[in-house]
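Novice:
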Amino acid sequence: MVEEVQKHSVHTLVFRSLKRTHDMFVADNGKPVPLDEESHKRKMAIKLRNEYGPVLHMPTSKENLKEKGPQNATDSYGHKQYPANQGQEVEYLVTGTHPYPPGPGVALTADTKVQRMPSESAAQSLAVALPSSQARVEGNRTAPGGTEYRHPGASDRSQPTVMNSMVMETGNTKNSALMAKKAPTMPKPQWHPPWKLYRVISGHLGWVRCIAVEPGNQWFVTGSADRTIKIWDLASGKLKLSLTGHISTVRGVIVSTRSPYLFSCGEDKQVKCWDLEYNKVIRHYHGHLSAVYGLDLHPTIDVLVTCSRDSTARIWDVRTKASVHTLSGHTNAVATVRCQAAEPQIITGSHDTTIRLWDLVAGKTRVTLTNHKKSVRAVVLHPRHYTFASGSPDNIKQWKFPDGSFIQNLSGHNAIINTLTVNSDGVLVSGADNGTMHLWDWRTGYNFQRVHAAVQPGSLDSESGIFACAFDQSESRLLTAEADKTIKVYREDDTTEETHPVSWKPEIIKRKRF
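Residue numbering for the sequence shown follows full-length UniProt numbering, beginning at 1 and increasing consecutively.
#1: From this set, P344, Y386 and T419, which residue's C-alpha is nearest T336's C-alpha?
#2: For D494, count the other beta carbons within 10 Å of its own beta carbon; 16 or more makes it buried, fewer makes it exposed. Which is it?
#3: Starting from N50, trace the alpha helix (DSSP H) in both directions and tell me its first and last residue.
#4: If we ignore side chains and look at the alpha-carbon of each, how far apart do L48 and E38 end up?
#5: To the nearest angstrom, how far is it from the Cα of T421 to the Cα of A470?
#6: How many angstroms separate the CA atom of R384 from the CA atom of T444?
#7: Hey, could you find the ends of the beta strand (DSSP E) D394 is sitting in?
#8: Between the beta-carbon of I355 and the beta-carbon of G363, is there less than 8 Å?
#9: When the Cα atoms are used, what is the spatial distance from L197 to D352?
#10: Pull up the DSSP beta-bridge partners for Q449, would you.
#11: Between which two residues does the beta strand (DSSP E) containing L325 stretch?
#12: Would H286 be called buried (16 or more neighbouring beta carbons within 10 Å of its own) or exposed?
#13: Does DSSP put E475 in a helix, in a strand, or in coil?
#14: Check for me: the beta strand (DSSP E) holding S224 runs from which residue to which?
#15: Beta-carbon within less than 7 Å of residue 515's beta-carbon, same chain only, minus the 5 sequence neighbours each way: which residues are those?
#16: Take I301 as the anchor and find which of I282, S311 and A341 has the nearest alpha-carbon.
#17: Between the alpha carbons of N371 and L357, how many angstroms are there, rounded?
#18: Are W442 and G426 closer than 8 Å when you measure CB to CB?
#19: D461 by DSSP, collapsed to three states: which one?
#20: Considering only residues of the same chain and omitting the five flanking positions on each side of E492, which have a CB-CB separation below 7 Å?
#21: Less than 6 Å between C-beta atoms, sequence neighbours within five positions excluded: which residues of the same chain meet that for residue 519?
#22: Report back the beta-carbon spacing between R227 and T244 to the nearest angstrom; my notes put them in contact at under 8 Å.
#23: Under the DSSP definition of a beta bridge, which residues are partnered with W274?
#24: What whole-angstrom Cβ distance do F467 and V208 have, given they're in contact under 8 Å?
#25: To the nearest angstrom, report how far apart C307 and A333 are at their CA atoms.
#26: Within the same chain, show all residues whose beta-carbon is closer than 6 Å to that of E277, passing over the 5 residues directly before and after it, in chain order.
#27: Express the C-alpha separation of Q456 and N295 in angstroms, rounding to a whole number.
#28: Can you give the Cα-Cα distance for V318 and E267, rounded to whole angstroms?
#29: Are the beta-carbon atoms of P344 and R377 separated by less than 8 Å?
#30: Measure the Cβ-Cβ separation of P212 and I254 and say whether it is below 8 Å.
#31: Mapping the DSSP letters down to three states, classify T312 as helix, strand or coil.
#32: Where does residue 525 fall in DSSP's three states?
#33: What residue range is occupied by the uninterrupted beta strand (DSSP E) comprising S405?
#34: Who pairs with D233 in a beta bridge, going by DSSP?
#35: So G305 and C339 are supposed to be a Cβ contact under 8 Å. How far apart are they, rounded?
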């Protein structure tokens with residue numbers, strides 16, 4: 001009996017039994033013998049109890065039993081279902097052998113443990129819960145090997161239905177998990193005209209380490225390893241003035257927008273204030289214990305900020321020469337510093353690979369950004385957006401103020417990045433130690449141009465390096481300070497839109513958190 005039930009559906013056996021029983025009451029001439037209805041039902045019930053009682057406990061749909069009753073219940077193939085006890089309504093539930101819910105995100109409750117339509121693979125691990133009226137047939141249900149019968153109605157054909165029902169049971173959580181998510185794509189970058197070299201200015205006798213353009217856009221100033229500061233006419237490129245006073249490399253220069261002063265700093269630990277009406281030093285700012293690598297002026301108050309190899313940045317009162325704050329926290333040389341009117345008012349980048357955003361009033365760190373893996377030698381603030389960028393040999397990163405939220409990486413300039421500058425059109429320029437200069441679209445991070453200018457005649461190829469760069473006040477010219485002792489001037493070529501299209505494809509962005 002066990003082997004027969006495993007091969008055939010219980011409902012099929014019942015159907016065949018009914019046909020055989022019906023044939024017993026058919027006469028030889030093929031016409032049925034008239035029987036009263038009560039006698040026919042009684043004989044049918046006796047036949048079913050005697051021969052098929054042990055298999056009538058097999059589970060049927062709980063909903064079908066409730067709706068149609070025990071006499072009219074049918075299976076998925078249209079065969080009738082007959083309970084063992086006619087006088088009772090028997091309900092069956094198939095429950096799992098483990099307390100796991102049917103899908104992700106479904107709370108583990110008494111209802112979610114029930115699987116109403118298990119697949120064949122799932123039915124192999126299910127146990128049948130017996131009602132009390134069927135406890136007596138438990139011994140007949142178990143095969144000699146100790147295994148229980150599988151649900152005979154479950155087959156591979158029913159699996160799509162099971163999957164659909166599972167999705168319906170788990171609700172929106174399952175549906176949302178199955179929805180395909182679109183990979184982020186880079187937006188199309190704005191077209192920028194390419195920049196071309198049109199002038200090379202020579203005159204320094206050493207590396208040109210820093211550069212700044214005066215607010216009136218008439219001249220610019222450079223500092224060099226030859227210990228001099230030179231002022232050049234921006235239109236003609238001719239030398240106007242040389243200032244001497246530093247006894248070592250000049251590492252930083254800046255022209256004040258609030259007064260006719262020029263500030264400089266160098267590897268001789270000195271910070272000087274030059275009066276451009278007399279071309280003389282009028283103030284010294286003493287305090288740094290090692291080479292001073294950079295400086296910046298606050299845009300709205302008379303405050304000067306310098307950074308040094310002594311791992312500190314210092315805030316100076318321009319008029320009184322007093323050291324207002326010493327910004328301590330970096331563990332290696334501070335290579336760059338920038339000021340802005342909005343909070344945080346001071347940003348520093350260091351060889352300890354970190355960027356710090358400072359509270360100017362308290363003189364303490366607001367935020368420390370540790371995303372870079374190598375020295376941060378350059379930081380630039382966007383002139384219009386509340387964002388900034390930092391340059392390191394690993395990559396260029398963009399950040400959002402005030403908390404330094406990470407925006408995106410600009411990867412591809414695989415060199416030691418010494419300088420960054422950006423204009424209001426969203427052209428970001430990065431200059432590197434190997435003489436390469438990359439130009440980027442600020443919004444999308446698209447690298448639209450790469451430049452590697454030749455060194456001036458008489459210089460070694462190894463002297464190709466960019467230490468500083470800056471746009472003029474009209475943002476139509478780009479000036480670079482280089483290791484071949486020259487200043488190179490670039491300008492936009494507006495006639496090349498057709499010959500220099502944006503070679504952009506909507507590639508999938510490979511997001512990196514750090």
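Here a beta-carbon is modelled for each residue, glycine too, at the ideal position from N, C-alpha and C.
Specialist: Looking at the atomic coordinates:
#1: Working through the sequence shown from its first residue, we reach residue 336 at position 336. Ranking P344, Y386 and T419 by Cα distance to T336 puts T419 first.
#2: Along the sequence shown, one-based indexing puts residue 494 at 494. With fewer than 16 other Cβ atoms within 10 Å, it is exposed.
#3: Taking the first residue of the sequence shown as position 1, residue 50 is located at position 50. Looking at the DSSP string, the run of the alpha helix (DSSP H) that includes N50 is E37 to Y52.
#4: Against the sequence shown, residue 48 aligns to sequence position 48. Against the sequence shown, residue 38 aligns to sequence position 38. Those two C-alpha atoms are separated by around 16 Å.
#5: Residue 421 sits at position 421 when you count from the first residue of the sequence shown. Residue 470 sits at position 470 when you count from the first residue of the sequence shown. Approximately 6 Å between the Cα atoms of the pair.
#6: Your numbering for residue 384 matches position 384 in the sequence shown. Your numbering for residue 444 matches position 444 in the sequence shown. C-alpha separation (whole angstroms): 16 Å.
#7: Here residue 394 is taken as the residue at index 394 of the sequence shown, counted from 1. Segment: none, D394 is in no beta strand (DSSP E) and carries neither H nor E.
#8: Walking along the sequence shown from the start, residue 355 turns up at place 355. Walking along the sequence shown from the start, residue 363 turns up at place 363. Against a cut-off of 8 Å, the Cβ pair of G363 and I355 comes out as no contact.
#9: In the sequence shown, the residue the question calls residue 197 occupies position 197. In the sequence shown, the residue the question calls residue 352 occupies position 352. Spanning the two alpha carbons is a distance of roughly 35 Å.
#10: Sequence index remark: in the sequence shown, residue 449 carries index 449 (1-based). Paired residue(s): L439.
#11: By one-based count along the sequence shown, residue 325 stands at place 325. One point to set straight first is that residue 325 is His, not Leu, in the sequence displayed. Where H325 is concerned, the enclosing beta strand (DSSP E) stretches over S323 to L327.
#12: Along the sequence shown, one-based indexing puts residue 286 at 286. By the 10 Å Cβ count, H286 comes out exposed.
#13: As a first step, residue 475 is located in the sequence shown; it is residue number 475 there, counting from the start. Three-state result, E475: coil.
#14: Locating residue 224 in the sequence shown gives position 224, counting from the first residue. It spans W219 to S224 - the beta strand (DSSP E) in which S224 sits, taken as one unbroken run.
#15: The chain is shown only over 1 to 514; residue 515 falls outside these bounds and no answer can be derived.
#16: Start at 1 with the first residue of the sequence shown, and residue 301 comes out as number 301. Of the listed residues, the one whose Cα sits closest to I301 is A341.
#17: The residue labelled residue 371 in the question sits at position 371 within the sequence shown. The residue labelled residue 357 in the question sits at position 357 within the sequence shown. Roughly 14 Å between the two C-alpha positions.
#18: The residue you call residue 442 lines up with position 442 of the sequence shown. The residue you call residue 426 lines up with position 426 of the sequence shown. Going by C-beta atoms, W442 is nearer than 8 Å to G426.
#19: Along the sequence shown, one-based indexing puts residue 461 at 461. Reduced to three states, the DSSP call for D461 is helix.
#20: Numbered from its first residue, the sequence shown carries residue 492 at position 492. P193, W195 and S476, listed in sequence order.
#21: Residue 519 lies beyond the stretch modelled for the chain, which goes from 1 to 514, so this question has no answer here.
#22: Locating residue 227 in the sequence shown gives position 227, counting from the first residue. Locating residue 244 in the sequence shown gives position 244, counting from the first residue. 7 Å between Cβ atoms; contact.
#23: Reading the sequence shown from its first residue, position 274 is the one you call residue 274. In the DSSP output, where bridge partners are listed per residue, W274 has L262 and V281.
#24: Translated into the one-based positions of the sequence shown, residue 467 becomes position 467. Translated into the one-based positions of the sequence shown, residue 208 becomes position 208. At roughly 7 Å, the Cβ-Cβ gap stays under 8 Å, so F467 and V208 are in contact.
#25: Here residue 307 corresponds to residue number 307 of the sequence shown, with the count starting at 1. Here residue 333 corresponds to residue number 333 of the sequence shown, with the count starting at 1. Straight-line Cα distance between these residues: approximately 8 Å.
#26: Counted from its first residue, the sequence shown places residue 277 at position 277. Once the five neighbours on either side are set aside, the close Cβ partners of E277 are P260.
#27: On the sequence shown, residue 295 is found 295 positions in, with the first residue counted as 1. On the sequence shown, residue 456 is found 456 positions in, with the first residue counted as 1. With the sequence shown as reference, residue 295 is identified as Leu, and Asn is not the correct amino acid for it. Computed Cα separation, rounded: 29 Å.
#28: Working through the sequence shown from its first residue, we reach residue 318 at position 318. Working through the sequence shown from its first residue, we reach residue 267 at position 267. Whole-angstrom Cα-Cα distance: 20 Å.
#29: Reading the sequence shown from its first residue, position 344 is the one you call residue 344. Reading the sequence shown from its first residue, position 377 is the one you call residue 377. No. Outside cutoff.
#30: Within the sequence shown, the letter at position 212 stands for residue 212. Within the sequence shown, the letter at position 254 stands for residue 254. Reading off the sequence, residue 212 comes out as Ala, not Pro. It is a contact, given that the beta carbons lie within the stated cut-off.
#31: On the sequence shown, position 312 is the one that residue 312 refers to. Three-state result, T312: coil.
#32: With the chain running from 1 to 514 in the structure shown, residue 525 is simply not present.
#33: For the purposes of this step, residue 405 is identified with residue 405 of the sequence shown, where counting begins at 1. Where S405 is concerned, the enclosing beta strand (DSSP E) stretches over S405 to L410.
#34: In the sequence shown, counting from the first residue as 1, residue 233 sits at position 233. Answer is W219.
#35: Working through the sequence shown from its first residue, we reach residue 305 at position 305. Working through the sequence shown from its first residue, we reach residue 339 at position 339. In the sequence under discussion, the amino acid at residue 305 is Val, which differs from the Gly named in the question. Their Cβ separation, rounded to whole angstroms, is 6 Å, which keeps V305 and C339 in contact under 8 Å.
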